[in-house]
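Asks: Under the UniProt record's numbering, the first residue of the sequence shown carries the number 1, and numbering increases by one thereafter.
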Amino acid sequence: MLKSLLDAGMNVMRLNFSHGDYAEHGQRIANLRSVVGKTRHNAAILLDTKGPEIRTMKLEGGNDVSLQAGQTFTFTTDQSVIGNNQQVAVTYQGFAADLAIGNTVLVDDGLLGMEVVEVTENTVVCKVLNNGDLGENKGVNLPGVSIQLPALAEKDKRDLIFGCEQGVDFVAASFIRKRSDVLEIREHLKQHGGENIQIISKIENQEGLNNFDEILEASDGIMVARGDLGVEIPVEEVIFAQKMMIKKCNKARKLVITATQMLDSMIKNPRPTRAEAGDVANAIIDGTDAVMLSGESAKGKYPLEAVTIMATICERTDRVMGSRIDELKESHKLRITEAVCRGAVDTAEKLQSSVIIVATQGGKSAKSIRKYFRARPFWH
1 MLKSLLDAGM NVMRLNFSHG DYAEHGQRIA NLRSVVGKTR HNAAILLDTK GPEIRTMKLE
61 GGNDVSLQAG QTFTFTTDQS VIGNNQQVAV TYQGFAADLA IGNTVLVDDG LLGMEVVEVT
121 ENTVVCKVLN NGDLGENKGV NLPGVSIQLP ALAEKDKRDL IFGCEQGVDF VAASFIRKRS
181 DVLEIREHLK QHGGENIQII SKIENQEGLN NFDEILEASD GIMVARGDLG VEIPVEEVIF
241 AQKMMIKKCN KARKLVITAT QMLDSMIKNP RPTRAEAGDV ANAIIDGTDA VMLSGESAKG
301 KYPLEAVTIM ATICERTDRV MGSRIDELKE SHKLRITEAV CRGAVDTAEK LQSSVIIVAT
361 QGGKSAKSIR KYFRARPFWH
């Protein structure tokens, strides 16, 4: 399957460290490198951290419980509690300290909404706003609330050390809220031999948007993580946040990835909806450098078809837009590396050269060449 995915257009493998163990992830890395070594494809490895997230804990029998609109439901920081349809423990010890009456609590990507009606030292009592099921290990979002979780939990630190040992290319840092979060991760990587690993900051809440400029300056790239972002801010604001982030990344010459629910219906269906195809194309027209699949390829019925269709949309949009994409990403003043690379591409095209060979240490020259020389191969 990996060879087929590479043939179809996959060029980065994302490892989600919210799930799986080191043996599992290590085997995936080994499998990819084995396949890449036998083909002419290149593929990078991206380690996606668990990050400072909040999740529900154990329920009786491990079964989901049904909640009804209007009932009260309690979250507790006592992690010895086994939950039921009246209460559940959460992974974050500061949960009660960060919340106030009137705050909103959203569970499982916003499928279950609640309003805080009472707060004690260790519990948060909520009124359930809609019927729904609550399960174990489901994400809990607190829109508009500044949580005091550290950027790097102990698990994240161990995961990053593993990534350094494995030689991953990128770290997608989850729930980045401010510049210091990025610097903390960069220092941890540096301490363990990962100074060349590039940090892609995932913007997933309002605090991250508020501090976007300082986060961008400290990062190697940005991921527009629309899943949690669409829960944390009003859904109608997500597209405008996406466009803002892409535009600023283009101006700063930083990598930008648009992610989450791009071809979501293909988890179950062999073809995407028209709206999904348009969503992918629109992100490319806006200037995104990459589009990412998640559930479609991780757990969907049609992973190969999803990669094939996404790659086809990308190629078609690039062909139609042509130089217009370059114009969108162009600045009036090129940096020295970009100016030299653009000159090299112009010369190669006039000479009808089919290949450019790039000597690079950190990859900056290679990225600049690829920007202007998209249609043909190059080696670095």
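All residues carry an ideal CB built from backbone N, CA and C; glycine is no exception. Computed from a prediction, not measured in an experiment: that's the story for all the values here.
Give me the DSSP bridge partner(s) of Leu15.
Replies: Leu47
Asks: Can the beta-carbon of Lys138 be found less than 8 Å from the beta-carbon of Thr56?
Replies: yes
Asks: Specify whether the stretch 287-296 and the stretch 240-250 touch according to this definition: at least 3 beta carbon pairs, one from each stretch, less than 8 Å apart.
Replies: The stretch 287-296 is in contact with the stretch 240-250.
Asks: In terms of DSSP beta bridges, what is Glu118 paired with?
Replies: Val125
Asks: Suppose you measure from the CA of Pro234 to the CA of Gly26; what does that come to, to the nearest Å?
Replies: Their Cα atoms are separated by approximately 38 Å.
Asks: Taking three-plus beta-carbon pairs below 8 Å as touching, is the stretch 203-216 in contact with the stretch 258-269?
Replies: no
Asks: In the DSSP output, what is Phe75 paired with across the bridge?
Replies: Val88, Val124
Asks: Got a sec? Which residues, its chain only, sit under 7 Å from Leu129 by beta carbon, not counting five neighbours each side?
Replies: Ala69, Gly113, Met114, Glu115
Asks: Between Ala283 and Asp78, what straight-line distance do the alpha-carbon atoms span, to the nearest angstrom?
Replies: 43 Å
Asks: At the level of alpha carbons, what is the spacing between Arg274 and Ala259?
Replies: So the alpha carbons of these two residues sit roughly 18 Å apart.
Asks: Is it buried or exposed for Phe170, if we count other Cβ within 10 angstroms and need 16 for buried?
Replies: buried
Asks: Could you pull the start and end residues of the alpha helix (DSSP H) that Gly26 belongs to?
Replies: 22-37
Asks: Could you name each continuous alpha helix (DSSP H) segment of 4 residues or more that falls completely within the stretch 289-324, going from the start of the chain to the end?
Replies: Complete alpha helix (DSSP H) runs here, min 4: 295-298, 303-321.
Asks: Whole angstroms is fine: what's the gap from Ala241's alpha carbon to Leu47's?
Replies: Going by C-alpha positions, Ala241 is about 24 Å away from Leu47.
Asks: Where does Tyr302 land, buried or exposed, given buried means 16+ other C-beta within 10 angstroms?
Replies: By the neighbour-count definition (other C-beta atoms within 10 Å, threshold 16), Tyr302 is a buried residue.
Asks: Tell me whether Thr360 is buried or exposed, calling it buried when 16 or more other Cβ atoms sit within 10 Å of its Cβ.
Replies: Under the 10 Å beta carbon count, Thr360 is surrounded by fewer than 16 other beta carbons and is classified as exposed.
Asks: So what's Met10 in DSSP terms, helix, strand or just coil?
Replies: coil
Asks: By how many angstroms is the C-alpha of Gly135 removed from the C-alpha of Glu53?
Replies: 16 Å
Asks: On the criterion of 16 or more Cβ atoms from any shown chain inside 10 Å, does Asn141 qualify as buried, or is it exposed?
Replies: buried
Asks: What's the call for Leu32, buried or exposed, on a 16-neighbour Cβ count within 10 Å?
Replies: buried
Asks: Extract the residue ranges of the alpha helix (DSSP H) inside the stretch 178-203, only unbroken runs of 4 or more that lie entirely within it.
Replies: 179-191
Asks: What did DSSP end up calling Leu263 once you bin it into helix, strand or coil?
Replies: In the structure shown, the three-state DSSP call for Leu263 is coil.
Asks: If you pair each beta-carbon of the stretch 115-124 with each one of the stretch 85-102, do three or more pairs fall below 8 Å?
Replies: Counting C-beta pairs closer than 8 Å gives three or more between the stretch 115-124 and the stretch 85-102, which meets the contact rule.
Asks: Are the Cβ atoms of Leu160 and Leu189 separated by less than 8 Å?
Replies: Contact: yes.
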